[in-house]
Each structure stands twice: as C-alpha cells, then as structure tokens.
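These notes are about the structure you will find just below.
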Amino acid sequence: MAETTAETAAETAADTAADRAKAAIRAVLDAEPDYVVDLCQRLVRIPSVNPKYPAGNDGWDIAGREAEVQDVIEGELAPYGLSFRRWDALPGRPNLVARTEAGDPAKSLILCGHIDVMPVGDPGEWSADPFGAVIRDGRMLGRGAVDMKAGVAACVAALRAVRKAGVTLDGQLALHAVVDEEAGGAGAKAAVAAGEVAAAAIIAEPSNGDIHVCQGALHWLRVTIRGRQGHSAHRFTGYWPQPEAKKTGAEPVSAADLATRFLVALRDYEAAVTRAVGHPLMAPGVNQFNVGTVHIGAGMGPDGLPQIMNNPGIVPDVAVIDIDMKTMPQESTEEVRAAFEAFVAGFCASDPWFKAHPIAVEWDLYGLYFPPMDTDPEHPLVRSITATRAAMGLGDTALVGSLGVTDGAHYAAGGVAALRYGPTGGGGHGADEWVDVESIRRTTRIFAEAVIDFCGVKDE
Ligand SMILES: [Zn+2]
C-alpha cells in the first residue's frame with residue numbers, strides 16, 4: 001500500500017505540473033491568437049510547388065522555393081534555444097528538423113508537415129490569387145493552404161508556444177518540415193533514413209476533426225507483356241487455331257489481345273482480394289488495383305515503353321500496364337507483393353504463350369511506394385487529442401483510416417507510431433483550396449497539449 005500511495009502522490013504532482021504547463025501554453029496562445037494565422041499566410045505566399053511538377057504554375061517562379069519556406073520556419077524558431085538540422089533531401093530541396101533537448105526516448109514526439117504544394121492548375125478556376133492567402137468568410141484561400149501549410153504553421157506555433165511558456169519536457173519534441181510529400185515523400189524518407197525518428201509522430205495533414213490512425217500501403221507497379229510483332233493482315237494466324245501444317249512458328253501474337261486477357265484476370269483477382277481482406281476502419285474495396293495507364297504498340301524502346309504508337313497496321317508486341325495498388329493497413333508489403341506475383345505466375349502457367357514469355361512485374365515504379373501505417377487506436381496521442389477536443393467543446397472525435405497516403409507511411413516504416421490529425425478545409429489539389437482559419441488556432445492548441453501529454457513535463 002505504501003508503494004501505491006507514493007505512486008499516487010507522484011502522479012498527482014506530475015498531473016499538476018502538466019496542468020500548469022498547459023495553462024502557461026494556453027496563455028501564450030491566447031496572447032497572440034493571430035500568430036499562427038499570419039505565419040500560415042506567409043507560408044502560403046511562397047509558391048513552394050513541388051519542382052517535379054513544373055507544369056500548371058502559370059508563370060509563378062517555383063524554383064528553390066521550398067528552401068524559402070524553411071528559411072521562414074527556421075527564422076521563427078531561432079530565438080527559442082532549439083537545435084536545428086537542415087540538409088538536402090533532394091538536390092536543392094532541404095528538410096528542416098528543429099528539436100528540443102534530448103529526453104526520455106519513449107516520450108519523444110515528432111510534429112511533421114510537408115512544405116511542398118501541388119501546382120495551381122488553371123488560374124481561371126480560382127476566385128482569388130492562388131498564392132495570395134486571402135481570408136474571406138473565415139477561410140484562407142490558396143494553394144497549399146490546407147495541404148498543408150496550415151498544419152505546418154500549427155506545428156511551428158505549438159513548438160514555439162511550448163518554448164515560450166518555459167516548459168521543460170521529459171521527452172524530446174521535434175518539428176519536421178519535409179519536402180516532396182506530393183511526389184512520393186522523399187523528404188520524410190530521408191528524415192527517417194537520417195535517423196530522425198521518435199516514439200510517435202503527428203502528421204499534421206488536414207483531418208477535418210477526425211483522427212486518422214491507419215492507412216494502407218500504396219504501391220506503383222508496372223506489368224510488361226510481350227507478344228510477337230507482325231503484319232496486321234496476319235493477326236488471325238496467331239489468334240485462330242491454324243492447321244498444324246500451316247504453322248510457321250512466327251505467327252504474330254498481339255500484345256493487345258494478351259493484355260485484354262490479363263486485365264480481365266486482374267479484375268477477378270482484385271474482386272477476390274477486396275472480398276477476402278478488410279479492416280475495421282477502412283471502407284470495403286479500397287484495397288484496389290487501379291489500372292492507370294496502358295501503353296500498347298510495337299517495338300520495345302529503351303524507356304521500357306512501346307516505340308511505335310501511330311501505326312495500327314502492326315500487330316503490337318508490347319503492352320505496358322501501370323497500376324496503382326492499394327492494400328489494407330494490416331497487410332505487409334512482403335505478403336501483398338508475393339501474393340500478386342503468385343497470381344501473375346499462376347496466370348502465366350495456365351497459358352502456353354505466357355509459359356514461354358512470362359509477364360514481368362516491376363515494383364516501385366517511378367520510385368513510388370508508401371508503406372502501410374496501422375497505429376493502435378488506443379495510442380496515448382489518440383486519447384490526448386480526443387480529450388483536448390472534448391475539453392474545447394468540439395464533441396466526439398472519430399477514428400478513421402486514410403484513403404489517401406501521407407508521410408506517416410514512411411515514419412511507420414521507421415518504427416514510429418504515426419497518426420494524422422490537422423486542420424479543417426477543402427479543395428486540396430483543386431481550385432480555391434481553403435483552410436478554416438479558426439481550425440488552425442484550434443489545431444495549434446491541440447498539438448501543444450498533446451506535446452505535454454505525450455512528452456511529459458519535468459517537475460522543477
Ligand atoms: Zn499533403
């Protein structure tokens with residue numbers, strides 16, 4: 001009993017320290033309600049379009065602008081005694097990490113946001129300057145407003161508020177401002193590879209009041225099917241059964257016909273997979289195989305694509321099918337890739353042509369792969385965010401799975417318990433992207449209190 005009493009006393013003291021820390025942080029935030037909004041506007045006004053997407057920017061100079069975003073963030077946090085690490089994740093495209101003093105590794109937390117944005121698209125579709133960050137009716141408009149400079153601003157403001165309030169954390173808090181999420185997440189991957197990991201991470205992508213605790217993996221893959229090129233007039237000889245005596249062994253075999261059979265089989269495979277594998281927080285059927293592009297033509301080129309694409313007088317010998325494949329959060333990459341390859345092998349084994357000319361499968365097409373994320377719905381961060389939201393009168397908080405993928409995938413692969421929570425808004429990747437201004441302030445407070453709950457406070 002004595003031990004229990006001592007523990008209870010220690011807990012009460014700790015709770016008090018945490019409560020005091022939270023009160024001090026709230027005072028900092030309440031004294032400067034517009035700080036995070038102004039910061040978000042400044043970030044939106046820098047057109048840090050992912051340079052892998054040079055088209056659709058209508059004259060805006062996008063070169064090197066990610067570095068400019070990092071300059072602003074670093075400048076904002078410079079006065080607060082943090083240590084900084086800045087390095088190129090890709091040439092000329094720096095990641096920025098800002099962190100507090102080292103502490104208990106089990107209580108280390110990352111607040112993460114990506115600083116690249118999508119291209120504007122057609123500026124005529126916008127009702128405001130896409131990089132003006134105009135506020136209208138409580139909404140800030142701009143490319144990257146909700147995806148995700150508002151989340152980045154909330155992370156920065158939460159870290160700043162913790163420091164300004166003079167709170168010393170038990171665990172370490174790190175801000176990760178990373179590049180390239182919109183084109184595969186090379187920034188987050190580089191951060192994890194550089195050892196910038198923690199016990200947990202909040203990815204501040206928009207979540208409209210929900211907490212996203214899981215997401216399936218996303219694989220891009222290429223399936224290449226080879227036929228035999230020939231004169232279109234002779235296609236039938238490779239298609240209809242021919243008298244044995246007339247066979248030359250050189251009959252054309254259409255890659256279009258082969259691809260058609262494969263695509264039908266793929267639909268059956270997809271249906272079997274989606275019926276067999278589900279997840280309580282994911283909609284049924286999201287583990288799908290989207291055939292995004294099909295290239296069929298003659299002559300394999302050095303780029304892995306058919307070279308002759310303007311002559312239907314040739315029986316094509318090359319079919320290249322690019323697939324965006326999604327899985328359920330609990331499925332391992334090794335399992336789903338082995339299962340798909342077994343399906344392809346079985347399909348080939350059932351056909352004399354494919355037995356002799358097996359279908360090739362290439363994973364990580366264009367380097368794109370987001371690992372699965374499947375964080376425990378009972379994680380302490382979930383409890384913290386839910387409790388803070390309730391205390392703020394925001395009602396119940398739903399736990400959901402993400403349809404899209406985020407950098408949380410790369411942190412999860414690095415052993416970090418990641419979840420997604422962020423501001424409210426809409427229009428991401430489209431015209432008139434917006435973020436609810438009040439939600440940026442709310443998110444800042446929720447993050448700051450999550451820091452106190454998760455990292456703990458040194459009772460001095
Ligand atoms: Zn995003």
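Quick note on our numbering: the sequence shown kicks off at 1 and runs consecutively.
We put the beta carbon where it would ideally sit given N, CA and C, even for glycine.
Owing to the predicted nature of the structure, the values given are computational and were not obtained by experimental measurement.
Compute every distance between the C-beta of HIS176 and the non-hydrogen atoms of ligand 1, then say whether any falls below 7 Å. no
Taking three-plus beta-carbon pairs below 8 Å as touching, is the region 84-100 in contact with the region 425-433? no
Tell me the rounded alpha-carbon separation between ASP324 and VAL120. 24 Å
Minimum Cβ-Cβ distance from ASP137 to chain D less than 8 Å: You won't find chain D in this structure, because it holds only one protein chain.
Out of ASP38, GLU182, GLN70, GLU76, state which residue places its alpha-carbon closest to the alpha-carbon of THR406. GLU182
In the DSSP assignment, what residue or residues form a beta bridge with VAL213? VAL213 is not bridged to any residue.
Let me know the secondary structure DSSP gives ILE62 once reduced to three states. coil
Counting only runs of 3+ residues fully inside the region 292-323, write out the beta strand (DSSP E) ranges in chain order. 306-308
Buried or exposed for LEU173, please, with buried defined as at least 16 other CB atoms from any protein chain shown within 10 angstroms of its CB. buried
According to DSSP, simplified to helix, strand and coil, what is GLU362? strand
Report the three-state DSSP secondary structure of SER439 (helix, strand or coil). helix
Any non-hydrogen atom of ligand 1 closer than 7 Å to HIS114 Cβ: yes
Considering just the uninterrupted stretch of the beta strand (DSSP E) at PHE236, what are its terminal residues? Element bounds for PHE236: n/a, residue is neither H nor E.
Whole angstroms is fine: what's the gap from ARG139's alpha carbon to ASP436's? 5 Å
Given a cut-off of 8 Å, decide if GLY426 and VAL146 are closer than it, judged by their beta-carbon atoms. yes
Counting pairs of Cβ atoms below 8 Å between the region 279-296 and the region 305-319, do you hit three or more? yes
For ALA10 and TRP363, I'd like the C-alpha separation in whole angstroms. Confidence at ALA10 is low in this model, with a pLDDT of 49, below 50, so its placement is unreliable and the value that follows should be read with caution. Looking at the two C-alpha atoms, the distance is approximately 53 Å.
For ALA417, which residues in the same chain have their Cβ closer than 8 Å to its Cβ, ignoring the five residues on either side in sequence? ALA199, ALA200, ALA201, THR375, ASP376, HIS379, LEU381
Length of the line joining the Cα atoms of VAL156 and ALA133: 18 Å
Report yes if the C-beta distance between SER254 and ARG235 is below 8 Å; otherwise report no. yes
Range covered by the alpha helix (DSSP H) that runs through THR260: 255-276
Per DSSP, what are the beta-bridge partners of HIS114 in this structure? VAL178
Measuring CB to CB, does GLY456 end up less than 8 Å from ASP170? yes
Cβ shell of TRP240 (< 7 Å), same chain only, five flanking positions each side left out: none
Considering just the uninterrupted stretch of the alpha helix (DSSP H) at GLY132, what are its terminal residues? Note, GLY132: premise wrong, no alpha helix (DSSP H); not H, not E.
If you check the beta carbons only, do ARG160 and LEU77 fall under 8 Å apart? yes
With 16 as the cutoff for other CB atoms within 10 Å, does TRP220 come out buried or exposed? buried
Less than 8 Å between the C-beta atoms of THR424 and GLY151, yes or no? no
Counting pairs of Cβ atoms below 8 Å between the region 107-121 and the region 183-192, do you hit three or more? yes
Residues that HIS219 bridges to, as DSSP identifies them: MET325, TYR369
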